[in-house]
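Residue numbers (the working numbering): 125 to 759.
All residues carry an ideal CB built from backbone N, CA and C; glycine is no exception.
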């Protein structure tokens, strides 16, 4: 399977129905709002008391140079040019990349397991970013009110929370609506970034020396022990780099690349240069260099626009969190949840109510707990830089084992990016006790949930198999003449198609009835986002009125079982929707002492099982055709 495509299948379909310009506008509104609001706080944090960096012309040029070349090397070269090409049939994000990497090393089971654990942990760290980014961007914008009047400081927190609640409430209308509404606002925002920067650059053209990478290197080498705190602050300029990869399934690779090169990168570069130029001429502007770019009469409108941009910035990580959660469910790391599709044309655009409201609660907790963008600046960094490091490692196995690039090229590129990532992680580590622990703790908790669910499901399958009957000899032992026949088709969804379904045993035990046709159905989730319709169904005649049917879905496909079964007719097995019943075994997990998991993990898994969305709803089974039979399973 090729690891790259000229354009993602769902993106290509979208491009046939809507213009490239419309998708690019949507990408600007959804994907780049996050990184586009970094100028609100990055320069201020670089020269904050925490870093101890003196405010002078040489340091300003060096700092802006570091920011510019970090954007060029890490965002442009690593993500926009390289990693966006590592799309898993159009989908991006940590789990999509993990699926690619593990598929590339499928013949090395130990390495595959290590990469799987690494990728899942990277995915959990993204959730930390999804909490901190909305909090820090909205707070950073609202703090502009203090520039208008110090008396307005008391309104920063309540207005920030109000704006965030409004953002999460409108999520149910879908990414497409949000992108159309927000796209023009973010385009205006980037234009304002560029123009406000140009005005200051004209006043202080000496700042253009920052385009020389040697000035950034000289600044680093002369910073001494302060270099770690300094680089940790520069990381703030990279917020949203991982989100643009996670959101690729919403818009496609090409629109995201076009938006970055044509608008986002030039505007960011000009604004950072402008802030440096401003501080060279007026060091007192350090209290809030972004809003001091504007004349006093324009500060309040700038605060309003920045607030809108900050709210929009959160959209990238929110929609990325939806995609990540959906992939985790399909890959077996989280229980089934409600997924609502918000676009008839773009299959990647979804809304997940449970994820939405949990994220909102965590974001509000972060806003109230940290209280300012400066405090949150300490929390930001560890999760993002660790995710970047994990992405680099996974990408190496994709390009080397999957794409078969020459060893020197793959190792050389990886070494460069690993060096940068390790430096960023080490620099952010100094903020561990100043808030950096928060996203790490959140990531560890989510990793615990994912690992518990995956392990618990494996134990359930082991328990069912140990107490079950093998299917082949069971079918051979049946004497159809001894059983009543129901003139319908019975479908028995099971995890293991080699064992007799518990629901079938209940039917025979209690009702002494065998259906005219019996389908032992297994749903397989492949490590690709999309499975073509002609590869969806596999059918095997087992004899004695039994068939083994496999349905194959990608981790971004909608698992619609009745729709997929209709394709079985082409395989010689017509399934009438009006003459079919689905018999489901609903397991009640009973935690027991033993060699499974520790007691608290077994109780946690049992609680997750009870609260999981029903299989009938998840697989879109018609309500009037489903019979559920309970089974107690000890783990």
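Residue state for residue 611 is assigned as strand, using DSSP reduced to three classes. Taking C-beta separations shorter than 6 Å and ignoring five residues to either side along the sequence, the partners of residue 756 in its chain run 712 and 714, following chain order. In the DSSP secondary-structure assignment, residue 659 is not bridged to any residue. Note: residue 594 is bridge-paired with 623 in the DSSP secondary-structure output. Contact fails between the stretch 196–203 and the stretch 348–357, because fewer than three Cβ pairs, one in each stretch, are under 8 Å apart. Less than 8 Å divides the Cβ of residue 219 from the Cβ of residue 451. Straight through space, the alpha carbons of residue 289 and residue 488 are spaced by roughly 9 Å. For residue 617, DSSP records a beta bridge to 645. Taking residue 555 as reference, the option from 169, 319, 742 and 464 with the minimal CA-CA separation is 169. By the Cβ rule, the stretch 475–484 does not count as touching the stretch 747–754, because fewer than three pairs are nearer than 8 Å. A straight-line Cα-Cα distance of about 19 Å links residue 345 and residue 172.
The beta-bridge partner set that DSSP reports for residue 754 consists of 710.
Only exposed fits residue 734, as fewer than 16 other CB atoms lie within 10 angstroms of its CB.
Judged by DSSP in its simplified three-state form, residue 457 adopts coil rather than helix or strand.
Contact between residue 566 and residue 509 does not hold, since the beta-carbon distance rounds to 15 Å and is not under 8 Å.
Contact annotation, residue 646 with residue 704: C-beta distance approximately 17 Å; criterion of less than 8 Å not satisfied. Taken through DSSP and simplified to helix, strand or coil, residue 652 comes out as coil. In the structure shown, residue 673 adopts extended strand secondary structure according to DSSP, grouped into three states. In summary, residue 241 is exposed, with fewer than 16 beta-carbon neighbours lying within 10 Å of its beta-carbon over all protein chains present. Annotation for residue 542: the continuous alpha helix (DSSP H) segment containing it runs 531–553.
For the pair residue 552 and residue 512, the CB atoms are not nearer than the 8 Å cut-off. Boundaries for residue 198: no alpha helix (DSSP H) harbours it, and the DSSP string shows neither H nor E there. Secondary structure note for residue 479: its alpha helix (DSSP H) is the uninterrupted segment 477–494. By DSSP's assignment, residue 639 forms a beta bridge with 610. Beta-bridge pairing by DSSP links residue 464 to 475. Taking the CA atoms as reference points, residue 281 sits about 15 Å from residue 271. Judged by DSSP in its simplified three-state form, residue 665 adopts strand.
Across the set 658, 732 and 721, the C-alpha of 658 shows the shortest separation from the C-alpha of residue 676. It is roughly 28 Å from the alpha-carbon of residue 381 to the alpha-carbon of residue 483. Boundaries of the alpha helix (DSSP H) around residue 158: 157–160. Residue 542 and residue 725 have their C-alpha atoms roughly 35 Å apart. By alpha-carbon distance to residue 165, the top candidate from 363, 700, 602 and 635 is 363. Contact between the stretch 599–608 and the stretch 570–581 is absent, with fewer than three C-beta pairs closer than 8 Å. Under the DSSP definition of a beta bridge, residue 705 partners with 614. The Cβ neighbour count for residue 375, taken over all protein chains shown within 10 Å, is at least 16; the residue is labelled buried. Residue environment analysis places residue 349 among the exposed positions, since fewer than 16 neighbouring C-beta atoms fall within 10 angstroms of its C-beta.
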